[in-house]
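According to mature numbering (1 follows the signal peptide of the UniProt record, and there is no 0), the sequence shown holds residues -22 to -1, 1 to 209 in order. Where a beta carbon is used, it is the ideal one built from N, C-alpha and C, also for glycine.
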Amino acid sequence: MLRQFIAGLILFASLLAGHAWAAPQIVVEQPTFDFGEVPQGEKVGHTFSFSNKGDEPLLIEKVKSSCGCTAALLSAKTLAPGESGELQANFDSTRFRGAVTKTISLYSNDPAQSVMQLHVKGIVREVLSVVPAQINLGAVTTGKTAVSQATLKNQSDGDLRLENVQTSSPDLVVKLSEGRLPAGQSTVMEIQLTSRPGQNRFRGYVVIPAQGAIKSDLRIPVYAGSRQQTD
């Protein structure tokens, strides 16, 4: 009788332990995708594959990207044990340059790893560069116009059209000596700012749309202070 009781306890404990250990397990084949080097403005796509290696259903509760530049589309929110799924990630490089790493977080009911992080990384090559990167016109006397220059360079492999330049204020005027810029060539841009009465400081920007094989917008910050005119 005692032996049967002990055997029953052991069986009951093993059943409880087996139930307690049953859990989903998320496994991603390659959590980091390196897209190498792309020109600014290019869109990069990649499909991440993941599976449920556990013995309970895996529920993807939420997918969160580190910024709006990276969109993620999930093939299925629930995976039975042994099933696989995919996550389609799309990265828009328009607003970036240099080394970039973006993160996509998968929130699931995996008790050992409730947040799985996927990474998309690479280098974004500028299509159009500017020196200096921002324009500081210093203190501008009220009613007067300050002038500065910057050099634009085509870093792409083809010609660029520099058209429809936009500014954040009608007081800010841009003049380009060239409307078409061949690959590897530079041109000078003139920036003019007129200081208005009552204006203590100016913070604005210039946007230069560069149209080539890929469209890319160059945004240049412009700063200035104000100085009252003296008699």
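Report all residues from its chain with a CB closer than 6 Å to the CB of residue i; omit the five preceding and five following residues, and keep chain order.
{"i": "Ser126", "result": "Ile113, Leu115 and Ile169"}
{"i": "Lys153", "result": "Glu168"}
{"i": "Thr165", "result": "Leu130, Ser155, Glu156 and Leu159"}
{"i": "Ser29", "result": "Val5 and Ser62"}
{"i": "Glu34", "result": "Ala(-1), Ala1 and Pro2"}
{"i": "Ala202", "result": "Leu115, Val118, Leu171 and Phe180"}
Can you give me the start and stop residues for the beta strand (DSSP E) that residue i sits inside?
{"i": "Asn30", "result": "Lys21 to Asn30"}
{"i": "Phe69", "result": "Ser62 to Asp70"}
{"i": "Ile192", "result": "First-last for Ile192: undefined, no H or E at that position."}
{"i": "Lys80", "result": "Gly76 to Ser86"}
{"i": "Glu15", "result": "Thr10 to Pro17"}
To the nearest angstrom, report how far apart residue i and residue j are at their CA atoms.
{"i": "residue 227", "j": "Asp195", "result": "Residue 227 cannot be examined here, being either before or after the span of the chain that is shown, -22 to 209."}
{"i": "Thr79", "j": "Thr123", "result": "42 Å"}
{"i": "Ala111", "j": "Val118", "result": "20 Å"}
{"i": "Gln163", "j": "Val105", "result": "12 Å"}
{"i": "Val109", "j": "Phe11", "result": "32 Å"}
{"i": "Lys21", "j": "Thr72", "result": "8 Å"}
{"i": "Gln189", "j": "Asp135", "result": "12 Å"}
{"i": "Val184", "j": "Glu141", "result": "12 Å"}
{"i": "Gln66", "j": "Leu57", "result": "16 Å"}
Tell me the DSSP bridge mates of residue i?
{"i": "Asn132", "result": "Leu106"}
{"i": "Leu51", "result": "Gln66"}
{"i": "Gln3", "result": "BP columns for Gln3 are empty, so no partner."}
{"i": "Pro199", "result": "Tyr183"}
{"i": "Arg73", "result": "Paired residues: none, contrary to the question."}
{"i": "Ser43", "result": "Ile82"}
{"i": "Leu57", "result": "Leu36"}
{"i": "Ser204", "result": "Val118"}
Excluding sequence positions up to five away, which residues of its chain have a Cβ less than 7 Å from the Cβ of residue i?
{"i": "Asp149", "result": "Leu171, Thr172 and Arg174"}
### Query
Which ranges would you report for the beta strand (DSSP E) in the stretch 117 to 187 if only whole runs of at least 3 residues count?
123 to 132, 138 to 140, 150 to 154 and 164 to 172
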